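**Q** This structure is in structure tokens; I'll ask about it shortly.
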Amino acid sequence: MLQNRAISPTISSPVSTELADSLERTLADERIRVLKRTFSLPDSLQSFLGFLLILLLICGALMAHLVLSTSLHQSELRLTELQAINRAMEQENTILIQQIAESSSLAKGMERAQQMGYQTAYERRFIVAGGAETAAQTTP
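Each residue of the sequence shown is one higher than the one before, starting from 0 at the first, in numbering that gives the first Met the number 0.
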């Protein structure tokens, strides 16, 4: 069954409005008292110093969290930049390795040697140094 929460002014009487106002004041006063009891400031010097110490510890922890989270975020950004640089260097390395492999193949080396005037040696040729014959003959 649905009910209208607001009392219409035509049905209400002065007594019911007084009761409603009194009930609202009582509930509001009770809420305020509960809030004051829960969140009241300390009333002695020792409890105030304890409260201040706890408050300072909480503020210090929040500042430490803030500093650590910002440095962590900066480190993540730097890591992302370094990873991008690393990927670019790996790509350049791959290109260089491929170019070196293409330019240093055996066939290309043989072709360049022939262009410089070298010929393929099909038989062995020994070159004897000047004093090597006499040194070989004197040793037993």
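From the three backbone atoms N, C-alpha and C, an ideal C-beta is built for every residue, glycine too. Quantities reported herein were computed from a predicted structural model and do not represent experimental measurements.
Rounded to a whole number of angstroms, what is the C-alpha to C-alpha distance between isoleucine 96 and arginine 124?
**A** The residue you call residue 96 lines up with position 97 of the sequence shown. The residue you call residue 124 lines up with position 125 of the sequence shown. The straight-line gap from Cα to Cα measures roughly 36 Å.
**Q** Which value, in whole angstroms, describes the spacing of the CA atoms of serine 74 and leucine 67?
**A** As a working note, residue 74 is residue 75 in the sequence shown. As a working note, residue 67 is residue 68 in the sequence shown. Rounded to whole angstroms, serine 74 to leucine 67 spans 10 Å at the Cα level.
**Q** Do threonine 93 and methionine 109 have their C-beta atoms within less than 9 Å of each other?
**A** For the purposes of this step, residue 93 is taken as residue 94 along the sequence shown, with counting starting at 1. For the purposes of this step, residue 109 is taken as residue 110 along the sequence shown, with counting starting at 1. It is not a contact, given that the beta carbons lie outside the stated cut-off.
**Q** Can you give the Cα-Cα distance for leucine 78 and glutamate 89, rounded to whole angstroms?
**A** If you number the sequence shown from 1, residue 78 lands on position 79. If you number the sequence shown from 1, residue 89 lands on position 90. Roughly 16 Å between the two C-alpha positions.
**Q** Helix, strand or coil, according to DSSP, for leucine 40 in the structure here?
**A** Sequence index remark: in the sequence shown, residue 40 carries index 41 (1-based). It is coil, neither helix nor strand.
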